[in-house]
DNA sequence: CAAACTTATACAAAACATTGACAAAAAATT
DNA sequence: AATTTTTTGTCAATGTTTTGTATAAGTTTG
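Protein chains in written order, with the working numbering: chain A, 8 to 341; chain B, 8 to 341.
Right, dumping it as structure tokens:
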């Protein structure tokens, strides 16, 4: 959440002073005498500071209050300053420092997978404990730390698979899945804002056919599609063929993704898929995925639908289709 | 996200000034000096603004009142501005300023109602056109302009009622409701962050009994409860009694709210309510509301549940129960 | 035509910059 | 221990920039 974007927010000296606790005059003196900060200037000459500068001054202030002489520490790096404070204050107000450390700690690509693994354990524990707040909090941190792509590939996708398995063994109840869906649904807001959808994005509908009550797979599909540059309308689970087809019509979608995660012995799902295919026609690409999709292989091949095989496959398909449809759009315009 | 849709541009500078709290002259100055907004012009040269512009100016006003210099923030995106305001709020002795801002820049309740009315029309049009993006955008702007409370009371609540009615007449299809639910679900993230839940908030589960597929009412209840200081776990629609009761147990919730918006002739709902009541016992307060709740008046009185009568009633009950449970908590601690 | 909008220019208060000075505290030297 | 020197926070004087507001003269709108 506390994403420090160097370009986005810049502050004048008054604000910096308020936030860092160092008086304006002193900020200037520290700059003049020891180059403690290097603010850029406006056309008129006013100093303009970044979030990092504020963090720096905050730490410098704390260090000087602890007895360090400003001339000696003014030019230290942010990390060195954090180290300094950490050693000095073992017990007291560490929240602010903890936050500062968090904002600047950048994960190397190497340990991303391990980080995701750790989050995975924490998140699953939160699901098991039915702690929605903890789950949301872990997700938020993970998105910041891993980035949207890695978040989905290394955390969300495996986690949902795990939940699906544990649900079958009876370790988790349906409510666990409902609660998780609810949390993930509200997360889509963050993910969407991290990756704003391009202007000419192709449209997609994501849902679940009637009888399929599990929406985690569909949610994952929707999030992935948005990250691959689609403009997704997510409808939730358990919708009859006519409704899904109506949504496709209304939005002029060029693709429809259905998630099937539960194998039923009746042939309702097969019937629904046939009806949907008939209603949307051949112009709209129908994609079917999910844990139990292969159980209905017969129908899928019958109506000519590729069965999605895992994360990478879906991603590839999404990107390929997106470029394809964008190209077609261009031709139509010209 | 921040698609400036020229079609929706419609306000002249006088209206913009009133709604945003920024004087007309200043609006023009901010545009001239810093390109804070880019209104379209009429044939004659008059500026025409969008809802987004209003939201933008409102945020800019708040930020400058918080000490940010207009030249530094004028070109930030809407999201960055929201972020900025959010970061400022937890800072310590700013209450006085925040209050001043509230009292000076907030539209009166009369104006608010009218503003909400305008948004209501736009939002309903977006629902009818099945335009999820437009709907979300309108909601976001409305939250900035009206504040969370008024947003719910004057916009969300009437809108959902309207949707329910139109659904019955056949003007809207079930998909419309699903799409709307989806948008509102992702909105809960904003609303939750606007009103962070207090540390000792009593817990509540919100859901819909089996057979009740409409979740709009439940969503509204969940959002309202969160704004009244509850820590809500939202489970979505159509859950069997055992699952709901399990969620209550897991979370140690002291209240359970069920929404019933569709009157069925079978007695499944009545049965489910009886079972739920039995499972959760008398320690947990059961609240039942929704358009069709009165249809089941018999069961409700039988198990001793108050039937919610409208927005104000529910709000009162929520606040009263919250203080009650917090008091009980205190006694248990001492 | 009147009300509201436009541009352009002007103006003053608040905030910022620079320079230089000053005194208390800390450190070094005698 | 006493004295000198350095460090460091604060302040004052003076000029510039930023920013909200105001005025004047012309144009658009209903």
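C-beta: ideal position from N, C-alpha, C; glycine also.
From residue i to residue j, what distance separates their C-alpha atoms?
| i | j | result |
| --- | --- | --- |
| residue 11(B) | residue 55(B) | Residue placement at residue 11(B) is flagged as unreliable, the pLDDT there being 42, under the threshold of 50; a coordinate-derived value is accordingly withheld. |
| residue 35(B) | residue 21(B) | 11 angstroms |
| residue 124(B) | residue 171(B) | 17 angstroms |
| residue 193(B) | residue 90(A) | 40 angstroms |
| residue 335(A) | residue 207(B) | 56 angstroms |
| residue 63(B) | residue 153(B) | 13 angstroms |
| residue 180(A) | residue 187(A) | 11 angstroms |
| residue 19(A) | residue 19(B) | 32 angstroms |
| residue 189(A) | residue 225(A) | 13 angstroms |
| residue 160(B) | residue 318(B) | 7 angstroms |
| residue 299(B) | residue 270(B) | 5 angstroms |
| residue 50(B) | residue 191(B) | 38 angstroms |
| residue 281(A) | residue 306(A) | 7 angstroms |
| residue 138(B) | residue 80(A) | 56 angstroms |
| residue 246(A) | residue 274(A) | 16 angstroms |
| residue 294(B) | residue 333(B) | 18 angstroms |
| residue 222(B) | residue 210(A) | 25 angstroms |
| residue 133(B) | residue 258(A) | 12 angstroms |
| residue 146(B) | residue 48(B) | 25 angstroms |
Tell me which same chain residues have a C-beta within less than 7 angstroms of the C-beta of residue i, skipping the five on either side of it?
| i | result |
| --- | --- |
| residue 127(A) | 162, 165, 166 |
| residue 252(B) | 283, 286, 287 |
| residue 201(A) | 155 |
| residue 255(A) | 212, 263, 287, 291 |
| residue 131(B) | 166, 169 |
| residue 31(A) | 20, 21, 24 |
| residue 27(B) | 61, 64, 65, 68 |
Spatial neighbours of residue i within its chain, please: CB distance less than 8 angstroms, with the 5 preceding and 5 following residues excluded, ordered by chain position.
| i | result |
| --- | --- |
| residue 199(B) | 233 |
| residue 292(A) | 261, 262, 263, 328 |
| residue 44(B) | 34, 37, 38, 56, 60, 63, 64 |
| residue 150(B) | 158, 194, 197, 198, 201 |
Under 7 angstroms Cβ-Cβ, which residues of chain A neighbour residue i?
| i | result |
| --- | --- |
| residue 327(B) | Near residue 327(B) there are no residues of chain A at all, since even the closest Cβ is about 24 angstroms away, more than 7 angstroms. |
| residue 92(B) | Neighbours of residue 92(B) on chain A: none; closest Cβ ~11 angstroms, over 7 angstroms. |
| residue 60(B) | Result: empty, since nearest Cβ-Cβ is about 19 angstroms, beyond 7 angstroms. |
Identify, in the order they occur along the chain, each residue of the same chain with its Cβ nearer than 6 angstroms to the Cβ of residue i, setting aside the five sequence neighbours on each side.
| i | result |
| --- | --- |
| residue 279(B) | 216, 217, 248 |
| residue 77(A) | 71 |
| residue 75(B) | none |
| residue 46(B) | 54, 55, 56 |
| residue 315(A) | 296, 321 |
| residue 120(A) | 161 |
From the DSSP output, read off the bridge partner residues of residue i.
| i | result |
| --- | --- |
| residue 262(B) | 211(B), 292(B) |
| residue 216(A) | 246(A) |
| residue 18(B) | 56(B) |
| residue 238(A) | 210(A) |
| residue 48(B) | 54(B) |
| residue 68(A) | For residue 68(A), which the question treats as bridged, DSSP gives no partner whatsoever. |
| residue 73(A) | Per DSSP, none; premise fails for residue 73(A). |
| residue 314(A) | 295(A) |
Mind listing the chain B neighbours of residue i? Cutoff is C-beta to C-beta under 7 angstroms, in chain order.
| i | result |
| --- | --- |
| residue 192(A) | 192, 193 |
| residue 253(A) | 180, 182 |
Strictly under 8 angstroms for the Cβ-Cβ distance: is residue i near chain B by that measure?
| i | result |
| --- | --- |
| residue 124(A) | no |
| residue 74(A) | no |
| residue 18(A) | yes |
| residue 243(A) | yes |
| residue 25(A) | yes |
| residue 21(A) | yes |
| residue 45(A) | no |
| residue 200(A) | yes |
Who are the neighbours of residue i on chain B, taking C-beta pairs under 9 angstroms?
| i | result |
| --- | --- |
| residue 146(A) | What residue 146(A) touches in chain B: nothing, since even the nearest Cβ is about 11 angstroms away. |
Using a cut-off of 8 angstroms between C-beta atoms, extract the partners of residue i located in chain B.
| i | result |
| --- | --- |
| residue 197(A) | 196 |
| residue 55(A) | 79 |
| residue 137(A) | 240, 254, 257, 258 |
| residue 49(A) | 78 |
So, does the CB of residue i fall closer than 8 angstroms to a CB anywhere in chain A?
| i | result |
| --- | --- |
| residue 185(B) | yes |
| residue 40(B) | no |
| residue 189(B) | yes |
| residue 240(B) | yes |
Give me the chain A residues within the contact set of residue i, using Cβ-Cβ distance strictly less than 8 angstroms, ordered along the chain.
| i | result |
| --- | --- |
| residue 250(B) | 180, 181, 182, 185 |
For the ligand ADP, is there a heavy atom less than 7 angstroms away from the beta-carbon of residue i?
| i | result |
| --- | --- |
| residue 228(A) | Here there are no bound small molecules, and the ligand ADP is not part of this structure. |
Would you mind telling me which residues of chain A sit closer than 9 angstroms to residue i, beta carbon to beta carbon, in chain order?
| i | result |
| --- | --- |
| residue 246(B) | 181, 182, 185 |
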